[in-house]
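In terms of the numbering used here, the sequence shown opens at residue 472 and continues consecutively. Built from N, CA and C at the ideal position, the CB exists for glycine as well. Predicted model, so just to flag it, every value in this text is computed and none were measured. Quick notes on the structure that follows.
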Amino acid sequence: MSIQSEVGQADLTLEPSVSDFIQLMKPRVMTLVVFTALAAMLAAPGPINPILGAIAIISIAIGAGASGALNMWYDADIDARMARTAARPLPRGRVTGEEALNFGGVLSVCSVLTLGVLVNWTAGALLAVTIAFYLFVYTMWLKRRTPYNIVIGGAAGAFPPMVGWAAVTGSISIDSILLFLIIFMWTPPHFWALALYRCRDYERVGVPMLPVVAGLAETRKQIVLYSIILVPLAVVPFFTGLGGMTYLVCSVALGAVFLGLALRVYVTTEGREADTAARQLFWFSILYLYVLFAVLFGEAIFHRFFA
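Now the structure itself:
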C-alpha cells in the first residue's frame, strides 16, 4: 500500500525539515519515556559514571524516538484519517514513508549498539526488546486486531525504567520489575480515557479500541478496574525500600485523585460532561505518572548526594 495515496498533496514538494524528523520521534512521548528511565537509573543501587549515564539516557531517548518514527511509518494510512494525527509529517506529505522507515531503522540500530557496546548488553538487549515490541507486537500485530491492543502493547512503554535500571546495575531486579508493572497497569486507563472521547476517530479507521468494540460502558468499567489495581500497586515501592516517606504520601494522595477521576468517568455517561470527565482523567494520568517518578527522582538525588 502506498503511503502517498493516503496523504494530502499540498506539502509534497517541500523538503523535510529538522522539525519534521523531530515530530516523527514523538517528542512528548519521548520525554516521559526518558524521564522514567532516568528516575530508575538514579534509584538503582550502585555508582553511576556520569559519561556512561549520559550515554545511556541519550541512547534510550534515541531508541524511543526510533520507535515513534517506525510507528508513524506503519500507521501513516490511519493517521491521515484521524483528527488527532492528521497533521503529522507523513500524513501531510512532508516526509515520505521510505524516509521515515530509514530514519527509524538507523536510529534503532545506533541506539541499541551504542547502549550495548558502551554501557552494557543487558540494557542494550532490553532497549532492543522495547523497540521490537512496540513495532512488531503492538503496532503491526495488536493495534488493528484486538481491543486489548493497549493492554499487551503497553508493555513497550513500561520497559524504559528497566532499561535505565539495567544501565546502572547490569541486571533486572524486583524493583525494576515493579516500576515496569506500575506503567503497565497505568497504560490502559490512560489510553482508554483518550479513546472514550476520540472513539469516532478510531471507529472511522477501523482500529478496534475497547470503546469501539465493547462499548463505552464496558470501557468505563475497565478503566475503574485497572485503576483499582494501579493505585495500591503504585504504593508498593515504599514497602520495598525503593521509595521513601515522601513517595508514600504522594502516591497515596495522587492515587486517591486518580481513582476519584476514574469513578467520575464511570458515573458520567451522557453528553459533554462524559467527554470532559474522560479528558480530565487522561490529562491527570500523565501528571500522575510524572509526579510519581519525579518523587523517586528527587529522593534518589537526595540519597546519592546529600544523605
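{"query": "Through-space distance from residue 778 to residue 581, alpha-carbon basis", "result": "37 angstroms"}
{"query": "Start and end residues, alpha helix (DSSP H) containing residue 550", "result": "547-550"}
{"query": "Assigned secondary structure, residue 496 (DSSP; H/G/I helix, E/B strand, else coil)", "result": "coil"}
{"query": "Through-space distance from residue 696 to residue 626, alpha-carbon basis", "result": "18 angstroms"}
{"query": "Range covered by the alpha helix (DSSP H) that runs through residue 651", "result": "645-668"}
{"query": "Per-residue DSSP class, three states only, for residue 755", "result": "helix"}
{"query": "Reduced DSSP secondary structure (H/G/I, E/B, other) of residue 698", "result": "helix"}
{"query": "Boundaries (first-last residue) of the alpha helix (DSSP H) holding residue 612", "result": "Taken as a continuous stretch (DSSP letters only), residue 612 belongs to no alpha helix (DSSP H), as it is neither H nor E."}
{"query": "Contacting residues, own chain, Cβ-Cβ under 8 angstroms from residue 688 (five flanking each side not counted)", "result": "740"}
{"query": "Residue 605 in three-state terms, based on DSSP", "result": "helix"}
{"query": "For residue 750, the three-state DSSP class (helix, strand or coil)", "result": "helix"}
{"query": "CA-to-CA distance, residue 639 to residue 707, given in whole angstroms", "result": "22 angstroms"}
{"query": "Residue 472, DSSP secondary structure in three states", "result": "Below a pLDDT of 50, predicted positions are generally treated as unreliable, and residue 472, at 40, falls in that range; the measurement from the model is reported next regardless. Correct three-state label for residue 472: coil."}
{"query": "Any 3 or more C-beta pairs closer than 8 angstroms across the region 651-665 and the region 749-769", "result": "yes"}
{"query": "Residue span of the alpha helix (DSSP H) that contains residue 682, given as start and end", "result": "681-684"}
{"query": "Helix, strand or coil at residue 762 [DSSP, three-state]", "result": "helix"}
{"query": "Every unbroken beta strand (DSSP E) inside the region 517-593 [3 residues or more]", "result": "none"}
{"query": "Boundaries of the alpha helix (DSSP H) in which residue 732 is found, first to last residue", "result": "716-738"}
{"query": "C-beta contact flag for residue 501 and residue 532 at 8 angstroms", "result": "yes"}
{"query": "Touch test, the region 757-769 against the region 716-723, Cβ-Cβ under 8 angstroms, three pairs minimum", "result": "yes"}
{"query": "Whole-angstrom distance between residue 595 and residue 434, CA atom to CA atom", "result": "Because the chain here runs from 472 to 778, residue 434 falls outside it and cannot be looked at."}
{"query": "Collapsed DSSP secondary structure at residue 773 in the structure displayed", "result": "helix"}
{"query": "Limits of the unbroken alpha helix (DSSP H) element including residue 630", "result": "It is not in any alpha helix (DSSP H) - residue 630 carries neither H nor E in the DSSP assignment."}
{"query": "Reference residue 491, options 562, 506, 730, closest by Cα", "result": "562"}
{"query": "N-terminal and C-terminal residue of the alpha helix (DSSP H) that residue 622 is part of", "result": "620-624"}
{"query": "Cβ shell of residue 733 (< 7 angstroms), same chain only, five flanking positions each side left out", "result": "660, 694, 695, 698, 752"}
{"query": "Exposed unless 16 or more other CB atoms sit within 10 angstroms - verdict on residue 522", "result": "exposed"}
{"query": "Residue 630 and residue 597 closer than 8 angstroms at C-beta", "result": "yes"}
{"query": "Residues near residue 559 in its chain [Cβ-Cβ closer than 7 angstroms; skip 5 each side]", "result": "494, 543, 550"}
{"query": "Whole-number beta carbon distance between residue 641 and residue 591, since they are thought to touch under 8 angstroms", "result": "5 angstroms"}
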